[in-house]
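Under our numbering, the sequence shown is numbered contiguously, ending at residue 139.
Presented below is the structure to which this report refers.
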Amino acid sequence: MRKRAVSTLASLAVLGAGLTFATATPAAAVGESPTRLCGSGYRVIDSHNLTLNRRGTVYLLWNGSSRKNCVVTIAKDASAATALFTAYVQPQGGSKALDSGYYSNYAGPVYASAGGKCIKWGGGIEAAGWFDSGWSHCG
């Protein structure tokens, strides 16, 4: 339920046939919203649209109570085909939290305790583009 993925054989069959199967249902309509994925208390504070072939969005969320950031990368359309999705967040002076793999809907959530620190955040979808923030959202 966390992530819908297609088996390797099915993916190869789709690629071999040169076909792409996708539904017309936006990811948010099938329950993949950034606030639902990150959990209670998180709110979107920034986002970056990925605009190439398979469009999607990288979202940055903040929970003021836990003083944590969350990042998710979500495809705009649910798809039966998989692609490389990535989501990451890194507090200044800390380790990068990363989710990267072949999924059909989203990567993440990834979390970092970042109260009083700058963060780098970003992600992408294969063939849709990538985003890296540089140090930002300090405080």
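Backbone N, C-alpha and C define an ideal beta-carbon position, used for all residues, glycine too.
Keep in mind that this is a model prediction, so the values were computed, not measured.
State the CB to CB distance for the pair residue i and residue j, rounded to an integer number of angstroms; the pair is presumed to be in contact (CB under 8 Å).
i, j, result
"V58", "V44", "That pair is no contact at about 11 Å."
"S113", "P91", "7 Å"
"K120", "G134", "6 Å"
"G139", "W130", "The pair is not a contact, with the Cβ atoms about 26 Å apart (cut-off 8 Å)."
"Y103", "I74", "No, Y103 and I74 are not in contact; Cβ-Cβ is about 10 Å, not under 8 Å."
Quick one: what's residue i bridged to in DSSP?
i, result
"Q90", "K120"
"S113", "K68"
"G129", "I125"
"A83", "Y103"
Please list the terminal residues of the continuous alpha helix (DSSP H) segment that includes residue i.
i, result
"T35", "34–38"
Just reading off the beta strand (DSSP E) that residue i is part of, what are its end residues?
i, result
"T73", "68–75"
"N63", "56–63"
"N49", "43–50"
"S100", "97–103"
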